[in-house]
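Engineer: A single structure is presented below for examination.
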Amino acid sequence: MQVTRDDGYRGIWWWDTPSEDEYKFVYYSGGFGTYTAKHIPMAFYAEAVDRTFFCYGGTFKDKNQILAMVSYYDHKTGTVPLPTVLMDKGTADAHDNPVLMLDDEGFVWVFVSAHGTVRPAYLCKSREPYSIEAFDLVLERNFSYPQPWHIPGKGFLFLQTLYHGGRFLFFSTSSDGISWTKPRQLSGMAHGHYQVSWFSGEKVGTAFNYHAEKKPGPPRTNLYYMETGDFGTSWQNASGADLELPLSQPEGEALVFDYASLDLQVFVKDVNFDADENPILLYLTSTGMETGPQNDPRIWHTARWTGAEWEIREAFRSDNNYDKGGIHIEKDGTWRVIAPTETGPQLYNTGGEVAVWTSADQGGNWRKVRDVTRNSKYNHTYVRRPVNAHPDFYAFWADGNPREESESRLYFCDRSGERVHRLPYLMQEDVERPERVSLG
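Start counting the sequence shown at 1463; every next residue gets the next number (this note's numbering).
Okay, structure coming up:
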């Protein structure tokens, strides 16, 4: 396949369902280069070359249309190269954003999503390890919300969503990334699901909600979890009980908490694992779907499997259902969330100002330790957690005006949230240093 290099880092702007109120859009909108929460992962630190590889939905200088982009930050030199354009998706729909994964040999695999069945999805592989110079197209088919995990010594376990009258969860596996098993269904309750996932060693865990009938009850509710430790041969709940696939009943053994009984919406944000490989889920609940104060409170929670039960605790609050951040579980036991939880310039729209929150007691108490951004022009959106996150590139996100089409820039910050860098919007050289910015 023919790839090109772009002259800067520019994110896609996207929206969903215009509204007639001050928020302009009913659900979500803004700078969506790192959208959606269900596109995982978007960044990966490779220690062998001391680079954080990342991908995003870019766009043209003069036209808002998705370009599937891939690049890296070189930690040795503190620079980024001209980003690589893999393909023009022919749409502005940020559901077509890419994700990436590296294999045991360092080859960069980019999964370019589709939204439903309207357009195809693609899988591209770098021709050389740890390189973005050239790629080959190895697969064209249909998948949405891609979540590929490379299990050392085994290959890819690829979680995905397929549209069959709803958004249903499937997975497939491949030892080499070229030949793939037929997608096997994980779950198909009611109208489907949204999921987030992560891996630890050979374990892959996924947390998801389900889309209930609109009446009665909320359309997105409940919290579920399931995992596999044998490359998808079998799946269990957190207690180790085997699950029969596909899941079909909302009250089954994968259920973490019945939020339908409380008439609450559930928006899953992240999955991680503690030192014993017990899962920790990060998610948000609210009273309704639409943007605005009428659906407050929007409460972030953690659910931790203790080894015997799920321990669910409130964390903090924000003002939009689609505020997105990730949870880092650090070696000293600190839980750290970097997310746009603070009120932004476009109140109640997607995103806001980014903050760092930590907990030293497994989610019992949270402390906001730093405002990463402040007095911004636009809301910051969809803060992403890299695989093997390097302390200097600990979170990655975009900004943009959620109330009207705007330019969108891309950012990353260090673990403390003190050092924030903006990727160069327009480059004059082949290699440049990201701009150190003071947003506070």
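We put the beta carbon where it would ideally sit given N, CA and C, even for glycine.
Just checking my contact of arginine 1629 with tyrosine 1656 at CB under 8 Å: how many whole Å lie between their CB atoms?
Structural biologist: The residue you call residue 1629 lines up with position 167 of the sequence shown. The residue you call residue 1656 lines up with position 194 of the sequence shown. That belief holds up - the Cβ atoms of arginine 1629 and tyrosine 1656 are roughly 7 Å apart, short of 8 Å.
Engineer: Buried or exposed: histidine 1790, going by 16 or more other Cβ atoms within 10 Å of its Cβ?
Structural biologist: Stepping through the sequence shown from its first residue, residue 1790 is reached at position 328. Buried, by the Cβ-count rule.
Engineer: Three Cβ pairs or more, each shorter than 8 Å: is that satisfied between the stretch 1498-1518 and the stretch 1557-1575?
Structural biologist: Yes, they touch.
Engineer: Go ahead and label threonine 1466 buried or exposed: buried means 16 or more other beta carbons lie within 10 angstroms of its beta carbon, across all protein chains shown.
Structural biologist: Numbered from 1 along the sequence shown, position 4 holds the residue referred to as residue 1466. With fewer than 16 Cβ atoms within 10 Å of its Cβ, threonine 1466 is classed as exposed.
Engineer: Taking only the alpha-carbon atoms, compute the straight-line gap between alanine 1700 and glycine 1769 and give it to the nearest angstrom.
Structural biologist: As a working note, residue 1700 is residue 238 in the sequence shown. As a working note, residue 1769 is residue 307 in the sequence shown. For alanine 1700 and glycine 1769, the distance between alpha carbons rounds to 8 Å.
Engineer: Quick check: the stretch 1480-1493 against the stretch 1534-1547, are there 3 or more CB pairs under 8 Å?
Structural biologist: Taking 8 Å as the limit for Cβ pairs, the verdict is that the stretch 1534-1547 does not touch the stretch 1480-1493.
Engineer: Just to confirm before moving on: does the CB-CB distance between glycine 1814 and glycine 1806 stay below 9 Å?
Structural biologist: Looking up residue 1814 in the sequence shown gives position 352. Looking up residue 1806 in the sequence shown gives position 344. For glycine 1814 and glycine 1806, yes; Cβs fall inside 9 Å.
Engineer: Do tyrosine 1840 and tryptophan 1859 come within 9 Å of each other at the CB atom, strictly closer than that value?
Structural biologist: Position 397 of the sequence shown, counted from the start, is the residue given in the question as residue 1859. Position 378 of the sequence shown, counted from the start, is the residue given in the question as residue 1840. No, the Cβ-Cβ distance between tryptophan 1859 and tyrosine 1840 is not below 9 Å.
Engineer: Glycine 1628 lies in the beta strand (DSSP E); which residues open and close that run?
Structural biologist: Taking the sequence shown and counting its residues from 1, the one referred to as residue 1628 is at position 166. Where glycine 1628 is concerned, there is no enclosing beta strand (DSSP E), given that its DSSP letter is neither H nor E.
Engineer: If you scan the stretch 1830-1855 from start to end, which runs of the beta strand (DSSP E) of 3 or more residues do you find wholly inside it?
Structural biologist: Segments of the beta strand (DSSP E) lying fully in the stretch 1830-1855: 1841-1846.
Engineer: Please say whether glutamine 1756 and threonine 1747 have beta carbons closer to each other than 9 Å?
Structural biologist: In the sequence shown, counting from the first residue as 1, residue 1747 sits at position 285. In the sequence shown, counting from the first residue as 1, residue 1756 sits at position 294. No.
Engineer: So for serine 1723, helix, strand or coil by DSSP?
Structural biologist: The residue labelled residue 1723 in the question sits at position 261 within the sequence shown. In the structure shown, serine 1723 sits in a helix (DSSP, three-state: H, G or I).
Engineer: Give the DSSP bridge partners of methionine 1688, in chain order.
Structural biologist: The count along the sequence shown starts at 1 and reaches residue 1688 at position 226. BP columns for methionine 1688 point to Thr1668.
Engineer: Report the rounded CA-to-CA distance for threonine 1803 versus leucine 1744, giving the unit in angstroms.
Structural biologist: The count along the sequence shown starts at 1 and reaches residue 1803 at position 341. The count along the sequence shown starts at 1 and reaches residue 1744 at position 282. For threonine 1803 and leucine 1744, the distance between alpha carbons rounds to 13 Å.
Engineer: Verify whether the separation of the beta carbon atoms of threonine 1649 and leucine 1717 is less than 9 Å.
Structural biologist: Residue 1649 sits at position 187 when you count from the first residue of the sequence shown. Residue 1717 sits at position 255 when you count from the first residue of the sequence shown. Threonine is not the amino acid found at residue 1649; the sequence shown has serine there. Not closer than 9 Å, so no.
Engineer: On a Cα-Cα basis, can you pick out the residue from Leu1599, His1883 and Pro1712 that is closest to alanine 1652?
Structural biologist: One-based indexing of the sequence shown puts residue 1652 at position 190. Comparing Cα positions, the closest option is Pro1712.
Engineer: Per DSSP, what kind of secondary structure is histidine 1557 in: helix, strand or coil?
Structural biologist: Within the sequence shown, residue 1557 is the residue found at index 95, counting from 1. In the structure shown, histidine 1557 sits in a helix (DSSP, three-state: H, G or I).
Engineer: Does the stretch 1719-1728 come close enough to the stretch 1677-1694 that 3 or more CB-CB pairs lie under 8 Å?
Structural biologist: Contact holds: three or more Cβ-Cβ distances are below 8 Å.
Engineer: Please name the residue in Ala1576, Cys1875, Thr1820 and Glu1792 whose C-alpha comes closest to that of phenylalanine 1778.
Structural biologist: As a position in the sequence shown, residue 1778 is number 316, starting the count at 1. If we check each option's Cα against that of phenylalanine 1778, Thr1820 comes out closest.
Engineer: In whole angstroms, give me the CA-to-CA distance for lysine 1830 and tryptophan 1797.
Structural biologist: As a first step, residue 1830 is located in the sequence shown; it is residue number 368 there, counting from the start. As a first step, residue 1797 is located in the sequence shown; it is residue number 335 there, counting from the start. Going by the C-alpha atoms only, they are around 12 Å apart.
Engineer: Spatial neighbours of phenylalanine 1573 within its chain, please: CB distance less than 6 Å, with the 5 preceding and 5 following residues excluded, ordered by chain position.
Structural biologist: Within the sequence shown, numbered from 1, the residue matching residue 1573 stands at position 111. Same-chain partners within the cutoff: Val1561, Leu1585, Pro1608 and Pro1610.
Engineer: Helix or strand or just coil, what does DSSP make of proline 1755?
Structural biologist: Here residue 1755 refers to the residue found at position 293 of the sequence shown. Residue state, collapsed to three classes: helix.
Engineer: Quick check: the Cα distance between arginine 1603 and proline 1645, rounded to an integer number of angstroms?
Structural biologist: To locate residue 1603, count along the sequence shown from 1; it is residue 141. To locate residue 1645, count along the sequence shown from 1; it is residue 183. Rounded to whole angstroms, arginine 1603 to proline 1645 spans 12 Å at the Cα level.
Engineer: Does DSSP classify proline 1456 as helix, strand or coil?
Structural biologist: Because the chain spans 1463 through 1902 in this model, residue 1456 falls outside it and cannot be assessed.
Engineer: So, serine 1637 versus lysine 1616, is the Cβ gap smaller than 9 Å?
Structural biologist: For the purposes of this step, residue 1637 is identified with residue 175 of the sequence shown, where counting begins at 1. For the purposes of this step, residue 1616 is identified with residue 154 of the sequence shown, where counting begins at 1. The answer is yes: Cβ separation under 9 Å.
Engineer: Ends of the beta strand (DSSP E) at glutamate 1866?
Structural biologist: For the purposes of this step, residue 1866 is taken as the residue at position 404 of the sequence shown. Segment: none, glutamate 1866 is in no beta strand (DSSP E) and carries neither H nor E.
Engineer: The beta strand (DSSP E) spanning isoleucine 1742 covers which residue range?
Structural biologist: In the sequence shown, counting from the first residue as 1, residue 1742 sits at position 280. Looking at the DSSP string, the run of the beta strand (DSSP E) that includes isoleucine 1742 is 1741-1748.
Engineer: Kindly indicate which three-state DSSP category serine 1588 falls into: helix, strand or coil?
Structural biologist: In the sequence shown, the residue the question calls residue 1588 occupies position 126. If DSSP states are grouped into helix, strand and coil, serine 1588 belongs with the strands.
Engineer: Should arginine 1453 go down as buried or exposed, given a rule of 16 or more other Cβ atoms within 10 Å for buried?
Structural biologist: Outside the shown range of the chain, which is 1463 to 1902, sits residue 1453, and nothing can be said about it.
Engineer: In whole angstroms, give me the CA-to-CA distance for alanine 1527 and serine 1710.
Structural biologist: Residue numbering aside, residue 1527 sits at position 65 when the sequence shown is read from its first letter. Residue numbering aside, residue 1710 sits at position 248 when the sequence shown is read from its first letter. According to the sequence as given, residue 1527 is glutamine; it is not alanine. Answer to the nearest angstrom: the Cα atoms are 37 Å apart.
Engineer: Shorter than 9 Å from the beta carbon of alanine 1530 to some beta carbon of chain D?
Structural biologist: Judged by its chain identifiers, the structure shown contains no chain D, having just a single protein chain.
Engineer: Below 7 Å CB to CB, which residues in the same chain sit around proline 1614 once its five sequence neighbours on both sides are set aside?
Structural biologist: In the sequence shown, counting from the first residue as 1, residue 1614 sits at position 152. Around proline 1614: Asp1566.
Engineer: Return helix, strand or coil for glutamine 1609, following the three-state DSSP convention.
Structural biologist: Here the question's residue 1609 lines up with position 147 in the sequence shown. If DSSP states are grouped into helix, strand and coil, glutamine 1609 belongs with the strands.
Engineer: Please say whether leucine 1624 and phenylalanine 1605 have beta carbons closer to each other than 9 Å?
Structural biologist: Indexing the sequence shown from 1 puts residue 1605 at position 143. Indexing the sequence shown from 1 puts residue 1624 at position 162. For phenylalanine 1605 and leucine 1624, yes; Cβs fall inside 9 Å.
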